[in-house]
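Here the numbering used here is used: the first residue of the sequence shown is 1, the next is one more, and so on.
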Amino acid sequence: MKIHPLTEETLDLELELCLRCHPSGFSPQGPMVEEGRRLKKELFKEIFERVRPAGFVAEEDDSPVSLLEMMPREYARRSGYITGDHGEDDETLTIVCLEVAHGYDRKDTMRAMVSHLARNLELFRPFRRIE
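Laid out in structure tokens, this is it:
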């Protein structure tokens with residue numbers, strides 16, 4: 001498994017996991033796929049202006065395996081995610097998604113993604129907190 005920073009260059013791999021390899025085994029159909037892709041790219045265009053990378057995406061044999069997606073707390077809150085209230089919003093990143101593609105070992109893969117995050121915290125400065 002190879003883990004990449006989640007950036008504009010790897011966003012399509014992340015979207016492939018969300019829209020085609022979801023752990024539920026469900027995939028949206030028809031125009032919903034492109035609309036979901038468009039909306040998420042629009043949101044992440046804003047997020048990448050504040051934090052880059054915005055997490056990590058993992059692949060194996062050119063297929064998405066896992067993602068760990070983060071965004072500034074204010075974006076997470078605005079997007080409907082539950083957030084904390086400790087610390088300053090402009091210093092806090094919120095983990096909004098930690099997923100593993102259908103068919104992969106969830107526990108070991110999630111552990112690898114969180115461990116990778118812990119080893120690479122310096123990538124997310126000037127943010128001081130991750131929730």
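Yeah, the Cβ is synthetic: ideal placement off N, Cα and C, and Gly gets one too.
Cutoff 8 Å; reference V51; Cβ partners in own chain excluding five residues on either side: Closer than 8 Å at the Cβ level, and outside the excluded window around V51, lie M70, M71, P72, L93, F124 and F127.
Spell out whether any CB of chain D is found under 8 Å from the CB atom of L117. Among the protein chains of the structure shown there is no chain D, as only one such chain exists.
Report the residue ranges of all beta strand (DSSP E) runs contained in full by the stretch 30–111; include only those spanning at least 3 residues, in chain order. Look at the stretch 30–111 and you find these whole runs of beta strand (DSSP E), each 3 residues long or longer: 55–60, 63–72 and 92–100.
Other residues of its chain near M110: CB distance less than 8 Å, five sequence neighbours each side excluded: S66, L98 and V100.
Residue burial classification, E34 (beta-carbon count within 10 angstroms, cutoff 16): Exposed, by the Cβ-count rule.
Could you give the distance in angstroms between the alpha-carbon of D90 and the alpha-carbon of I3? Each residue's Cα considered, the two are about 27 Å apart.
Going by beta carbon distance, what residues of the same chain come within less than 8 Å of M1, once the five residues before and after it are set aside? Excluding its 5 nearest sequence neighbours in each direction, M1 has C-beta neighbours in its own chain below 8 Å: A58, E59, E60, V65, S66, T109 and A112, listed in chain order.
CB P53 to CB T83, shorter than 8 Å? P53 is not a Cβ neighbour of T83, given a cutoff of 8 Å.
Any idea if G55 is buried or exposed, counting beta-carbon neighbours within 10 angstroms, 16 or more meaning buried? Per the 10 Å Cβ criterion, buried.
Under the three-state DSSP convention, the category R129 falls into: R129: strand per DSSP, three-state reduction.
Give the DSSP bridge partners of H4, in chain order. Looking at the DSSP output, H4 bridges to V57.
When we look at the beta-carbon of A76 and count the other beta-carbons within 10 Å, is it buried (16 or more) or exposed? Looking at its Cβ environment, which holds 16 or more other Cβ atoms inside 10 Å, A76 is buried.
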